[in-house]
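All letters in the sequence shown, in the order written, are residues 1 to 752 by full-length UniProt numbering.
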Amino acid sequence: MDIVSYCPLRVAARPFVTSRHTHALVVVCKATYLLMPGTSVLHESQEDINEEDNHWDDDPRRSVYSPCDLVPQKRGADVVLVGHAFAPNDVPVRSIQTRLCVGELDKSIEVFCDRHLTPTGELREGPRVARVRLRYERAAGGPGTTNPVGMSLDQRDTFGAIKLPNLQPPGRHVTGPADLVEPIGYGPIAPTWPSRQARLGIFAGHVDVARWHESPLPDEIDPHFFNVAPPDQEIPEVRPDERIVLEGLHPEHARLVTNLPGLRPEVVLERASGRSEEITLKADTLWFDTTRGLCTLVWRGRAALVHPAEAGRVVVTMVGPGWASTSAALASQALHAITIEQDDPDGSVTSVASAPSRPHPIMPFTASSAHAPPPRESGVFPMDPADIDDEVTFVGLDVPAADPLPFARPHGGGLRSAHDVGLPLPPTPPAAAPFTRPRTEAPPAPASPPPLPFAAPPPPPVPFPSRDLPFYSPIAPPPVPPEPTRARPPSRHDLPFIAPPPTPPAAPPPVTPTPPPIVPRLGIAPLGTSPLAAPPPPPVAPAPAASPAPVPPPVDIDDPETIDAPAMIGPLATAEMAARAAPPPPPPPDPLPPDPPPAAEAPKPAPEPALPLDDYPIERCAKITASIARRREARAEILEAEELDLARWTDLEKHWADAIRAESERGKTRLLKAFDAAYVARLEEERGPITPAEYARLVVASERGHADRTLAELGLPRASMLRIEREMLARTGADPALAERTRHAIEAERAD
1 MDIVSYCPLR
11 VAARPFVTSR
21 HTHALVVVCK
31 ATYLLMPGTS
41 VLHESQEDIN
51 EEDNHWDDDP
61 RRSVYSPCDL
71 VPQKRGADVV
81 LVGHAFAPND
91 VPVRSIQTRL
101 CVGELDKSIE
111 VFCDRHLTPT
121 GELREGPRVA
131 RVRLRYERAA
141 GGPGTTNPVG
151 MSLDQRDTFG
161 AIKLPNLQPP
171 GRHVTGPADL
181 VEPIGYGPIA
191 PTWPSRQARL
201 GIFAGHVDVA
211 RWHESPLPDE
221 IDPHFFNVAP
231 PDQEIPEVRP
241 DERIVLEGLH
251 PEHARLVTNL
261 PGLRPEVVLE
271 RASGRSEEIT
281 LKADTLWFDT
291 TRGLCTLVWR
301 GRAALVHPAE
311 AGRVVVTMVG
321 PGWASTSAAL
331 ASQALHAITI
341 EQDDPDGSVT
351 SVASAPSRPH
361 PIMPFTASSA
371 HAPPPRESGV
381 FPMDPADIDD
391 EVTFVGLDVP
401 AADPLPFARP
411 HGGGLRSAHD
421 VGLPLPPTPP
431 AAAPFTRPRT
441 EAPPAPASPP
451 PLPFAAPPPP
461 PVPFPSRDLP
471 FYSPIAPPPV
481 PPEPTRARPP
491 SRHDLPFIAP
501 PPTPPAAPPP
511 VTPTPPPIVP
521 RLGIAPLGTS
531 PLAAPPPPPV
541 APAPAASPAP
551 VPPPVDIDDP
561 ETIDAPAMIG
571 PLATAEMAAR
581 AAPPPPPPPD
591 PLPPDPPPAA
601 EAPKPAPEPA
611 LPLDDYPIER
621 CAKITASIAR
631 RREARAEILE
641 AEELDLARWT
651 DLEKHWADAI
661 RAESERGKTR
671 LLKAFDAAYV
681 ARLEEERGPI
691 TPAEYARLVV
701 ASERGHADRT
711 LAELGLPRAS
721 MLRIEREMLA
731 RTGADPALAE
741 RTRHAIEAER
751 AD
């Protein structure tokens, strides 16, 4: 299956067999954004798609740095973060307060300097820190816990001291080994850790889930296994313009408030039969690297296949601010350079490494490389070896200085440049786009130089370096299109800017004629087939060798004597034989004692009363939440005034939170908007209306990293920032005059 991409996103596809033994194709698109205040932008160097989990220091015994992107499915969306925590203004401190907000996700972790308990129970702290690594190795845990690589409070060093975890929930105080600190972190969870292995059920240890594309997985496996985020970092979906707040998680901004730029890919599957279908994509993985100040967003979709080698192509475009529509992209198809990389020797993965990273197209024969992306940093991970800990030396990787072009020789690594992908258009004149397929017949030597208006006198004959590069030229004249009406002798390279030598030094090597395929030539050979092979025959019964390997049954620890012998089958088994083999009927049971009198029966517990949702709708609960957020010390009085106890209030909070989450999974926000409106209204009832000038102070303070101080000055709770932003956006969208006043207030506040 070919992949044709008209955008700079990384794209990969992999065929696989579903649990119902049908064939399908999973398509993954990955965007890399540079995090900056306001609106983030596409990064000039796009991250590659991960075909496997990447562990820190390439050691599977350590935690995961970046998870595998090429998985069949996920439930909801994962939000994970790796890198460092940063002290404000790079001033060393005792602890760093960090916070990650994405949509409905709001999570905080307090990151401490190195600490330990002496054998006498004294707490001692190391030097103050300006940045701390956010790894599970620095969180609580240890063997036998949900964080096997964490720090155990039961382990002492040679001096009898106990190291304390650097990462812990905010407000938790550790004074001794008896103080329990649960594991916590922002990063991805490894597939071998207990929390993910538990999702495999009885198949844990018996099924190699990493090879899901080679044999179907059992139906009993929870699809939630492929989610890598901690449970409290899973959200329904990541929106293209998602709001993101990072506190203590950016090297330059103590509090970064940004939005994704609103871009999203569109994928169309074009089959050899001529039928096209759109593949629905869902953004299900948002990954942050705070050290480099970037994030990646992964979209995933799947389509049914007739068989694994089905011919066709996957066309990928992008829509959003600054990008043309699908039809416009397809209309300018000849102006785009597509590079296909073949990652697997068996051809099971097709991936597009890169397309032009800017809206304007870059021709493959353009001499200037001014827009080529800069070289990526060497090393296994995107930071200096000194930034990784524990005496680990990293070996640099040879990475090309720019995205590979269709005429560039592949590097010495494992990636090979495949043939360019043509598009199924009507036949065109000989002067075609630079990626026109070479002629399949041996051309005669031209009798005279071609009549091109820009052709220079030919140099001495130079042999062409390779038949596999039909558009390679040792001469670099400017690319001027040929005159369409003038005839010229046929040349081996049907390009307007190639001037073949008048007398070749030797006859060109013979070329084997190739019959034209039904669809464009495949970029790679899927599942070991040749790109130029004829269409596959109709599907037949699979050969025994292609059947999936049987899954070994789980170990049965029951008494073997309780397992009945297998029943006889075939014509030898008769009803008489079954009757003779049947065991004798059991003796009749002893008569039961008479029932006790009704008076002796224990009274049944009364059923729990239903929640009074009519008396406590979502608007009233939102107002109670706002009052408690402003005056936490008066929570008991607030609940008493509302005729609620703490247990009933907790149940009501959980009910409406679950209702909002369930509605969000369906793509609706009615309950969330109602909650925000009532929440902000109660704040304004208790402290006065939020004016455009006050909202402008909050916006600018958020941009400058001191929103908490401004919220406290305005008498607003810290947790109200996102709700105020959403409510003010709704108000300004409905009231143009208010929007204009707010805009002027923000501009004036920024000017101060």
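The beta-carbon is built from N, C-alpha and C at its ideal position, and this holds for glycine as well.
Cβ neighbours of residue 264 within its own chain (closer than 8 Å, five residues either side excluded): 240, 281, 283, 299, 318, 319 and 320. In the three-state reduction of the DSSP assignment, residue 107 falls in the strand class. The stretch 45-55 and the stretch 4-23 touch, with no fewer than 3 CB-CB distances between them shorter than 8 Å. DSSP places residue 318 inside the beta strand (DSSP E), whose first and last residues are 312-319. Counting along the chain, residue 98 sits inside the beta strand (DSSP E) bounded by residues 95-102.
Counting C-beta atoms within 10 angstroms of its own C-beta, residue 712 has fewer than 16 neighbours from the protein chains shown and is therefore classed as exposed. Residue 185 has its alpha-carbon roughly 23 Å from the corresponding atom of residue 223.
The residues 628, in chain order, have a CB closer than 7 Å to that of residue 635 in the same chain once the five nearest residues on each side in sequence are set aside. Going by beta carbons, residue 672 and residue 616 fall outside the 7 Å limit.
Taking the CA atoms as reference points, residue 238 sits about 40 Å from residue 116.
Between residue 180 and the set 649, 643, 168 and 124, the nearest pair of CA atoms involves 168.
Excluding five sequence positions before and after residue 147, the CB atoms of its chain that fall closer than 8 Å to its own CB belong to 136, 139, 140, 141, 183, 185 and 193, given in chain order. Boundaries of the beta strand (DSSP E) around residue 3: 2-5. The stretch 293-309 makes contact with the stretch 17-34; the number of CB pairs closer than 8 Å reaches 3 or more.
Its Cα nearest to that of residue 122, the residue 160 stands out among 656, 287 and 160. Beyond the five residues adjoining it in sequence on each side, residue 212 comes within less than 7 Å, by CB distance, of 16 and 72 in the same chain, given in chain order.
Under the three-state reduction of DSSP, residue 656 is assigned to helix. Residue 66: not part of any alpha helix (DSSP H); member of the beta strand (DSSP E) spanning 64-66, first to last residue.
Check the Cα spacing between residue 689 and each of 716, 674, 702 and 705: the tightest is with 716.
Residues 723, 726 and 727 of the same chain have their beta carbon placed closer than 6 Å to that of residue 676, with the five preceding and five following residues left out of the count. Distances from the alpha-carbon of residue 261 to those of 210, 322, 292 and 293 put 322 closest. When the Cα atoms are used, residue 316 and residue 199 turn out to be separated by approximately 33 Å. Residue 618 is positioned such that its CB atom lies no closer than 7 Å to that of residue 649.
Positions of the alpha helix (DSSP H) runs, each at least 4 residues long and wholly inside the stretch 148-197, are given as 194-197 in order along the chain.
Residue 43 sits close to residue 294, with the two beta carbons spaced by under 7 Å.
A check of alpha carbon separations from residue 658 across 302, 643 and 236 identifies 236 as the nearest.
In chain order, 220, 221 and 222 place their CB closer than 8 Å to the CB of residue 201, counting only its own chain and leaving out the 5 sequence neighbours on each side. Nearest Cα to residue 268 within the set 107, 225 and 313: 313.
Taking a C-beta distance under 7 Å as the contact criterion, residue 174 and residue 164 qualify as a contact pair.
In the structure shown, residue 116 adopts extended strand secondary structure according to DSSP, grouped into three states. Counted as a single uninterrupted DSSP element, the beta strand (DSSP E) harbouring residue 269 occupies residues 264-271. A direct Cα-to-Cα measurement between residue 157 and residue 120 gives close to 14 Å. Excluding residues up to 5 positions away in sequence, 254 lie with their Cβ nearer than 8 Å to the Cβ of residue 89 in the same chain.
Counted as a single uninterrupted DSSP element, the alpha helix (DSSP H) harbouring residue 738 occupies residues 736-751.
For residue 704, there is no enclosing beta strand (DSSP E); the enclosing alpha helix (DSSP H) has its first and last residue at 692-704.
Taking a 10 Å sphere around the C-beta of residue 218, we find fewer than 16 other C-beta atoms and assign the residue as exposed.
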